[in-house]
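Heads up: the sequence shown at position 318 corresponds to 320 in this note's numbering, and the numbers run straight through without jumps.
Backbone N, C-alpha and C fix where the C-beta goes; we use that ideal spot for every residue, glycine too.
All values derive from a computational prediction rather than experimental measurement.
Heads up, the thing below is written out as structure tokens.
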Amino acid sequence: MSKEDEGLLKKQDYHAISNEEDAILQLRSIINKNNKGKTVDNFQNNFFTNLVKSLELGNDSEVYIDLDQINDIRYINKHFNNVYSNLTYGSSYFGVVETLSDWRKKQWMFKLPVIGWIYRIYVFMLSRVTPRLWGLKKIYFLLTSGRNRIVSKAEILGRLVYCGFEIIDCKPINNKHYFIAKKTREPLKIKPSYGPIFKMNRVGKKGKIIGVYKFRTMHPYSEFIHDYIIKTNGYNSKGKIKDDFRTSRWGKIMRKYWIDEIPQIYNVLRGEMKLVGVRPVSQVYFDSIPDELRSIRLQMKPGCIPPYVALDLGVTKEDVLNAETQYLRDKIRRPYFNDLIYFFKAIYKIIFRGRRSA
């Protein structure tokens, strides 16, 4: 029996269990028995409930119980693919990872003045940047064998979705994150992005899909859990995803000062965007815009500086749409000077009024 087969449990192991509470206790017992003595007695019952329910989808459903930390696996995607290939559709995968946030809680040196920041930079460069740099990457994994990797919650969940799983639940318990994922579809074929600059598909003039460039502000593989995080967290009053854990700490700073949008100058030089205009948005967001605004939007190129900054309006979705509507009407009325007026208004608000990105 291969290592990938060792954790498989058949649903028939549970056929004699009469109720959900017994199923939870039985599952806890099996996990404690078969995973090198690592106990999980303090797990929240609803977490086990979700796992038990996931076994009810079919007579041949299975669950792969894997309590070896994902951080110690050299080829994470390959490991997920092995689990995937050993499961039938509708079966579940139960695993554990120490996320970046879990790891930070144990770093007492971070609390020290000056030394703490030096240590942060050292760890960031060694453990998070080096494993992703061509050339240094091989040396890093040769020395560490891929053990004790620092990975974010967003990256692990994104890798699972990338490899064909649907995220059912993910809970922090005792400074670890335990997840339940279900095999629901084929793995994705597109190549994930790791570099400091990445491309997003956005709706451009006449509905053409253009690749808009930005500095990376999210953890790797974050793009693959967009639907999951919307379903789980929803939107806040500003029209942004609520409690979006995909954005890194330094990414939030870059967004606040619009640093992440500097690469869009390349889109301007290519003639796909202009300096001032409605923001380039995803197809999903575009489809949610009122019909009248959509039709006017399609007549013009999107821009780097959004109208709501120049007009000093709020950042809720309604405020942004109102600002775009006013900008587009002004643009039709004065096509040659409107962008120049909005540009200087925006610069004034940013420099002298301290206007920042949402």
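Under the three-state reduction of DSSP output, M302 falls in the coil class, being neither helix nor strand. Residues E157 and Y196 of the same chain have their beta carbon placed closer than 6 Å to that of P222, with the five preceding and five following residues left out of the count.
Annotation: S154 to R218 spans about 15 Å, alpha carbon to alpha carbon. Taking C-beta atoms under 8 Å as the contact rule, I199 and P282 fail to qualify, at a distance of about 16 Å. V286 is classed as exposed because its beta carbon has fewer than 16 other beta carbons within 10 Å across all chains shown. Counted as a single uninterrupted DSSP element, the alpha helix (DSSP H) harbouring H228 occupies residues H228 to N235. Annotation for D68: the continuous beta strand (DSSP E) segment containing it runs E64 to D68. Rounded to the nearest whole angstrom, the CA to CA distance from C306 to M256 is 15 Å. The continuous stretches of alpha helix (DSSP H) do not include R187, and DSSP gives it neither H nor E. According to the DSSP assignment, Y310 belongs to the alpha helix (DSSP H) that extends over P309 to A312.
Listed in chain order, the non-local C-beta contacts of G160 below 6 Å within the same chain comprise Y223, S224, F226 and I227, local neighbours out to five positions each way being set aside. For K107, the CB contacts under 7 Å within the same chain, skipping 5 residues up- and downstream, are N177 in chain order. Taking every protein chain shown into account, the CB of D262 has 16 or more other CB atoms within 10 angstroms, so this residue is buried. Between K258 and D314, the alpha-carbon positions lie close to 16 Å from each other.
Look at E225 here: in three-state DSSP terms it is helix.
With fewer than 16 other Cβ atoms inside 10 Å of its own Cβ, R251 counts as exposed. With a cut-off of 8 Å on Cβ pairs, the stretch 180–189 is not in contact with the stretch 108–128, counting fewer than three such pairs. In terms of Cβ geometry, A325 and K347 do not form a close pair [threshold 7 Å]. Following the DSSP letters along the chain, one finds K276 in no alpha helix (DSSP H) but inside the beta strand (DSSP E) bounded by residues K276 to V278.
DSSP assignment within the stretch 62–138 yields the following whole beta strand (DSSP E) runs of 3 residues or more, N-terminal first: 64–68 and 94–99.
S87 places its beta carbon 7 Å or farther from that of V65. Looking at the DSSP output, E294 bridges to nothing. Secondary structure note for R204: its beta strand (DSSP E) is the uninterrupted segment I199 to V205.
Contiguous alpha helix (DSSP H) elements confined to the stretch 135–168 occur at 138–146 and 155–164, taking only those with 4 or more residues. Comparing C-alpha distances from S290 to each of L271, V205, K254 and Q71 shows the shortest one belongs to V205.
Note on P174: under 16 other CB atoms within 10 angstroms of its CB, so exposed under the neighbour-count rule. The Cβ-Cβ distance between K351 and N340 does not fall below 7 Å.
In the DSSP assignment, the residues bridged to P174 are H179. Residue burial annotation: R149 is exposed, with fewer than 16 other C-beta atoms found within 10 angstroms of its C-beta. In the three-state DSSP reduction, Y196 falls in the coil class, being neither helix nor strand. Comparing alpha carbon positions, the residue from S147, V131 and L102 closest to I75 is S147. Following the DSSP letters along the chain, one finds I212 inside the beta strand (DSSP E) bounded by residues I211 to F217. Going by C-alpha positions, P337 is about 13 Å away from K276.
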